[in-house]
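Numbering (this note's numbering), first residue to last: 12 to 163.
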């Protein structure tokens with residue numbers, strides 16, 4: 012039988028992820044004034060950087076998260092400076108900026124696929140597990156929900 016409180020909690024965690032991604036996308040659009048379609052690939056790049064740090068370099072998760080966030084952000088800023096800023100200076104139209112971001116997205120997507128492969132990878136992270144009646148929640152989920160509430 013399905014426990015609706017667990018389903019609700021799982022949905023809350025998934026919604027928190029979407030909220031954080033959407034907040035970042037909104038911030039990116041607000042600053043650059045065009046929809047950067049490569050945004051999801053930068054999130055993915057940060058995830059794979061974190062994966063390498065945790066799984067291959069044995070970096071503690073929170074430190075790896077911080078480093079991955081910073082590195083992906085710096086790569087994103089570099090891409091903006093090298094690709095989008097020259098287009099903006101030349102007064103390129105919105106469609107040109109969007110096409111450039113789609114192209115950058117494909118480059119990142121296929122670059123990530125060639126480097127790390129096309130299969131899903133998972134972290135081995137040990138967080139405390141809490142049982143509250145029939146609901147199970149990890150410390151990571153609590154941290155994620157808290158972060159989404161604060162930043163959202």
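Glycine included, C-beta positions come from ideal geometry on N, C-alpha and C.
Among 78, 113, 91, 65, the one whose alpha carbon lies nearest that of residue 42: Numbered from its first residue, the chain shown carries residue 42 at position 31. Of the listed residues, the one whose Cα sits closest to residue 42 is 91.
If you follow the beta strand (DSSP E) that residue 141 is part of, which residue opens it and which one closes it? Working through the chain shown from its first residue, we reach residue 141 at position 130. The continuous beta strand (DSSP E) containing residue 141 extends over residues 140-143.
What does the alpha-carbon distance come out to for the pair residue 103 and residue 45? To locate residue 103, count along the chain shown from 1; it is residue 92. To locate residue 45, count along the chain shown from 1; it is residue 34. The C-alpha of residue 45 is placed about 11 angstroms away from the C-alpha of residue 103.
Take residue 71 as the anchor and find which of 152, 156, 135, 143 has the nearest alpha-carbon. Residue mapping note: residue 71 aligns to position 60 of the chain shown, counting from 1. Minimum Cα distance to residue 71 is reached at 135.
Under 7 angstroms Cβ to Cβ from residue 48, same chain only, skipping five residues before and after it: list those, please. Counting from 1 along the chain shown, the entry for residue 48 is found at position 37. Residues of the same chain with a CB within less than 7 angstroms of the CB of residue 48, apart from the 5 flanking positions on each side, are 109, 112, 113, 116 in chain order.
For residue 146, the first and last residue of its enclosing beta strand (DSSP E): Here residue 146 corresponds to residue number 135 of the chain shown, with the count starting at 1. For residue 146, the enclosing beta strand (DSSP E) has its first and last residue at 146-149.
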